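Data block below; observations after.
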Amino acid sequence: MIPYGRQDISQADIDAVLDVLKSDFLTQGPQVPRFEQCVAQHVGASHALAVNSATSALHIACLALGLGPGDRLWTTPITFVASANCALYCGADVDFVDIDPRTYNLCPQALARKLEQAEREGSLPKVVVAVHLCGQPCDMQAIHALARRYGFKVIEDASHAIGGKYRDEFIGNCRYSDITIFSFHPVKIITTAEGGMALTNDAELANRMALLRSHGITRDPAQMTHEADGPWYYQQIDLGFNYRMTELQAALGNSQMERLDAFVARRHQLASRYDDLLADLPVTTPWQHPDSYSGLHLYVIRLQLDKITSTHRQVFEALREQGIGVNLHYIPVHTQPYYQRMGFRQGDYPEAERYYAEAISLPMFQTMTEAQQDEVVSALKEALLS
């Protein structure tokens, strides 16, 4: 089976983790702050907070921005459920904005229309989560301009996008957002096994997220309600969580970061080759906005169903039967049973639903060989033309 994604673990990665196992610290040691500094410097952000997953990062980001009961968070329906669930963890409400039919990201024009209506109804969002699907950044300049006009905060869910760029600057610098989130799950561009990170240029937000990721506990005398009882003393000043990243994870992340740019460059080579190999097939290959340099976590094609006799499901199953580990990113969140019980219905976001009816994620990972890629394309041709 050729998987849709796969981590690339080198001997240097293994040695970095073994060094930690032999050290004095398996958690809360020097590797985590080193990893935070490495990522922050690479992307050009002022602060970085490493956590145990991107889901945890989204949660503390929402809390740091003050999201709570009575507030609203808007995001795209084409994302993993975590991009929406983070609002529910805070007691807030969720709504969605339909996607751009070319980039598959949250559509700025649809967002503008929805904001105009929400302003009239007194139901503006407090937070908008812009998801960089497949690694391609959203139109952040347009979203940022709308944020300034309507007063909402912006989180970039860049779980797919580390190493990518927007307008020739690395995604994660938070030029157009309050907080950016990265994921380091094994199928992502770099991995810490499990892990995530929140980046910001706002020191107050960084301090708030640092507190929330570790039980709401501080040892900083400036944050305490009274003078410390002694050198052992700490105070819980908020209700936080155990969202910390381990030293083992951070060591792996530090090692992986040394190859980040090479990983993304290789993905671009594979994507360009896919573009050429698929040019004459009845599929739509990914369109890349000229302002973006995608991290290319995923390579998603859309079937031109009016030009083939097979159904979407039949093509998908035929590829799986031939050992091609295709996947589908994502099932529109508003069609999930949990969200349908909130009142969302089929037909609410037509562009997202059209995308779902046609999309297939082909295998894409930096160690993929041209022979494997040829095998994928050969199997796809057979599935499409049979």
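Positions in the sequence shown are counted from 1; adding 24 to them yields my numbering.
Heads up, the beta-carbon is just placed ideally off N, CA and C, and yes, glycines get one too.
Quick caveat: nothing in here was measured; it's all calculated off a predicted structure.
| Query | Result |
| --- | --- |
| Helix, strand or coil: which one does DSSP assign to Tyr-267? | coil |
| Can you tell me which of the three DSSP states Lys-138 falls into? | helix |
| In three-state terms, what does DSSP make of Ala-252? | coil |
| In whole angstroms, what separates the C-alpha of Gly-17 from that of Ser-410? | Because the chain here runs from 25 to 410, residue 17 falls outside it and cannot be looked at. |
| Helix, strand or coil: how does DSSP classify Arg-191 here? | coil |
| How many whole angstroms separate the CB atoms of Asn-225 and Tyr-28, which I take to be in contact at a CB cut-off of 8 Å? | Actually they do not touch by this definition, with Cβ atoms about 34 Å apart. |
| Comparing alpha-carbon positions, which option in Cys-86, Ser-279, Pro-361 lies nearest Cys-114? | Cys-86 |
| Can you name the start and end residues of the alpha helix (DSSP H) that Arg-337 belongs to? | 336–345 |
| DSSP beta-bridge partners for Lys-177? | Val-151 |
| Grouping DSSP H, G and I as helix and E and B as strand, with all else coil, what is Asn-225? | coil |
| Just the Cα atoms here: how many angstroms apart are Glu-145 and Arg-96? | 13 Å |
| With a threshold of 8 Å, are at least 3 pairs of Cβ atoms found where one atom belongs to the segment 199–210 and the other to the segment 221–240? | yes |
| Taking DSSP as the reference, what is the three-state secondary structure of Asp-244? | coil |
| Can you check whether the CB of Asp-122 is closer than 8 Å to the CB of Trp-98? | no |
| Please confirm whether Ser-318 and Gln-160 have their CB atoms less than 8 Å apart. | yes |
| So who's on the other strand from Trp-98, going by DSSP bridges? | Asp-119, Val-152 |
| Mind pulling the alpha helix (DSSP H) runs of 4 or more residues that sit fully within the segment 294–365? | 336–345, 361–364 |
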